[in-house]
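Heads up: the sequence lines are chains P and R, in that order.
Under the working numbering, the first residue of the first sequence is numbered 1, with each subsequent residue one higher.
Under the working numbering, the first residue of the second sequence is numbered 313, with each subsequent residue one higher.
Backbone N, C-alpha and C fix where the C-beta goes; we use that ideal spot for every residue, glycine too.
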Amino acid sequence: MHRETKVSNYVLAVFSALSLIMLSLPLSAPVRAFKACVVYLFDPLVYYGDKGVQRLADMPPGVARLLSADMENVRLQAELRRTQWQKAELESLRNENRRLSAALGLTAPVGRSAIWADVMERDPLHWYSNIMVNVGSRQGVALNAPVFGEKDGEIIVIGRVTEVRSDTSIVLLVTDELSSIAVYLSSAGVDGLAQGQGGPRLRVNYLPSEAALTKGDLIYTSQTSATFPGDVLVGRVTAVNPSDPFLTFQSVEVQPAVNSTSLNNVMILRPEGIAGEPAALPPAAPAAAAPRKKPAVKTDEVARSTTAPEGR
Amino acid sequence: MNHLRGAFLLVAAAFVQWWWSTHFAFWGLSPQIPLVLTVAIAARQGPAAAMGYGFVWGLCLDSLRPELFGANALVFTLIGYGTGTVRKQIDLADMLSQCVAVVMMTWGYFLMYGMLGLIFAKSFIWVGWAAFICDPFYNCLLVPFGAGLWFWLRARP
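Below is the structure:
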């Protein structure tokens, strides 16, 4: 017999025998389970719709339960991701609500309205000096506009706008060496000038030498400030500097009420009646709505604050 | 054809058959690529190789329809043997004779599969008149493709 024919006959016999053995054995269920697993792994249609469910219908119940559990797991994971996103959104809205509620308590000067902005950029080399925000002249931001932050529902002074571009602005922080603000100490009732030190602290100079200054005293913006509305929190006294016999005034170290380098949103007061988006806040609330109680302002404080060299 | 190309042909044909019959079946009809390739291999390389490929492809098809696991493997083995044996009497090198062989083997496939169903599942598995009439000619359309693939695999170094 020809060799090829002989080999063919052997191969035919072997394969036929194998096939008949497989046909005789009850292999349908394990093969169906294997097929279901392979199809589930490689066919994306199984993940979607009734078609996939129908395709899984004729497999052994154990495998069907396993695959159904995996499909449900995928669906629940997607739902969980969606829920987490909704939670984050809810948290963001809650923060915004708190922030706006606090802003409603701010006594904005007549003729100004507030706009919220996101902090876009911080310069690592000038960390306590300035930040860039995402509003500019198109949104009505003007030069020297006061900028505020929010912490625990309270509005706090951050700085002022020193450079305005079309859609961005540079904010000079109160901690910059060139920044100064007319302020008063809440308990002592005396005015001074808060000046940045280029670091995390401020120093309030020009306080009367006879005034009794205490650690922990709160610092607010003075009504005499040309830039900032009055009675806005600036910080807290952390140290009273020893009196210098050669100087006619005292000074205190102040910790800003909010770390302006960690803020994500700031509020800017802009002139009202600008072309652009509407004002974010109603006109200035009556003085009674202000959250803080301002101590009586003395006439001599006003005079002193007016002459204080506020600004750059 | 070395082993690597052979393995590629095995996997590719099985995958394309599965993908086509799952997603591109037209009125329930899909070509039987493994059958066409088994005939092509038998016509050119003889029954032994055709039976080897046919057996593996048959197992793949059996895993898709596991009611009669082993039936396709047996039928494809027989198709490879039959075509490889017939080539000694008939020249199967040209397309026309291969087409005739594919038509005959497709009908043979349907009948043998049905008979195996009668033996092992107690009922003749009938594919339906539409498939019985149309599938052989549908398979004929793939004969040039099978021959071309064969030459392409042979021509590469």
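Burial state of residue i (16 or more Cβ within 10 Å)
i, result
"residue 441/R", "exposed"
"residue 387/R", "buried"
"residue 407/R", "exposed"
"residue 353/R", "buried"
"residue 120/P", "exposed"
"residue 395/R", "buried"
"residue 382/R", "buried"
"residue 329/P", "The structure shown does not extend to residue 329/P, since chain P is modelled only from 1 to 312, so the question has no answer here."
"residue 230/P", "buried"
"residue 81/P", "exposed"
"residue 270/P", "buried"
"residue 434/R", "exposed"
"residue 195/P", "buried"
"residue 447/R", "buried"
"residue 112/P", "buried"
"residue 346/R", "buried"
"residue 356/R", "buried"
"residue 114/P", "buried"
Which of helix, strand or coil DSSP assigns to residue i
i, result
"residue 371/R", "helix"
"residue 352/R", "helix"
"residue 313/P", "In the structure as shown, chain P begins at 1 and stops at 312. Residue 313/P is therefore absent and cannot be evaluated."
"residue 290/R", "The structure shown does not extend to residue 290/R, since chain R is modelled only from 313 through 469, so no value can be given for it."
"residue 281/P", "Note that residue 281/P has pLDDT 40, beneath the 50 cutoff, so the model's placement of it is unreliable and no number is given."
"residue 290/P", "The predicted model places residue 290/P with a pLDDT of 37, which falls under 50 and marks its position as unreliable; any figure quoted below should be read in that light. The answer is coil: DSSP assigns residue 290/P none of H, G, I, E or B."
"residue 99/P", "helix"
"residue 276/P", "Only weak support exists for where residue 276/P lies, its pLDDT of 45 falling under 50; the coordinates are left without a value."
"residue 7/P", "helix"
"residue 330/R", "helix"
"residue 112/P", "strand"
"residue 70/P", "helix"
"residue 215/P", "coil"
"residue 165/P", "coil"
"residue 180/P", "strand"
"residue 265/P", "strand"
"residue 437/R", "coil"
"residue 152/P", "coil"
"residue 205/P", "strand"
"residue 366/R", "helix"
"residue 210/P", "coil"
"residue 186/P", "coil"
Among the options, nearest to residue i - alpha-carbon criterion
i, options, result
"residue 188/P", "61/P, 196/P, 216/P", "216/P"
"residue 182/P", "70/P, 94/P, 225/P", "225/P"
"residue 67/P", "84/P, 41/P, 80/P", "41/P"
"residue 236/P", "210/P, 212/P, 69/P, 201/P", "201/P"
"residue 128/P", "33/P, 62/P, 175/P", "175/P"
"residue 249/P", "5/P, 190/P, 10/P, 149/P", "190/P"
"residue 5/P", "380/R, 367/R, 340/R, 399/R", "399/R"
"residue 159/P", "10/P, 139/P, 261/P", "261/P"
"residue 213/P", "240/P, 197/P, 205/P, 221/P", "240/P"
"residue 518/R", "450/R, 461/R, 369/R", "The question about residue 518/R has no answer, for chain R in this structure spans 313 to 469."
"residue 126/P", "272/P, 205/P, 197/P", "197/P"
"residue 142/P", "184/P, 169/P, 89/P, 32/P", "169/P"
Contact with chain R by residue i, beta-carbon distance below 9 Å
i, result
"residue 31/P", "yes"
"residue 63/P", "no"
"residue 276/P", "A caution first: residue 276/P carries a pLDDT of 45, below 50, which makes its placement in the model unreliable, though a value can still be read off. Taking Cβ atoms only, chain R never reaches closer than 9 Å to residue 276/P, which makes this a no."
"residue 41/P", "no"
"residue 67/P", "no"
"residue 21/P", "yes"
"residue 133/P", "no"
"residue 280/P", "Summary for residue 280/P: the model assigns pLDDT 41, below 50, so the residue's position carries little reliability; its value from the coordinates is reported in the next sentence. Not an interface residue."
"residue 119/P", "no"
"residue 24/P", "yes"
Residue i at chain P interface by Cβ criterion, 9 Å
i, result
"residue 435/R", "no"
"residue 360/R", "yes"
"residue 374/R", "yes"
"residue 383/R", "yes"
"residue 389/R", "yes"
"residue 456/R", "no"
"residue 350/R", "no"
"residue 397/R", "yes"
"residue 340/R", "no"
"residue 512/R", "Since the first residue shown for chain R is 313 and the last is 469, residue 512/R is missing from the structure and cannot be characterised."
"residue 416/R", "no"
"residue 322/R", "no"
"residue 318/R", "no"
"residue 424/R", "no"
"residue 336/R", "no"
"residue 386/R", "yes"
"residue 364/R", "yes"
Any non-hydrogen atom of the ligand MG closer than 8 Å to residue i Cβ
i, result
"residue 235/P", "You won't find the ligand MG in this model; it holds no ligand whatsoever."
Enumerated in chain order, which unbroken segments of the alpha helix (DSSP H) with a length of 4 residues or greater are wholly contained in the region 369-411 of chain R?
383-398
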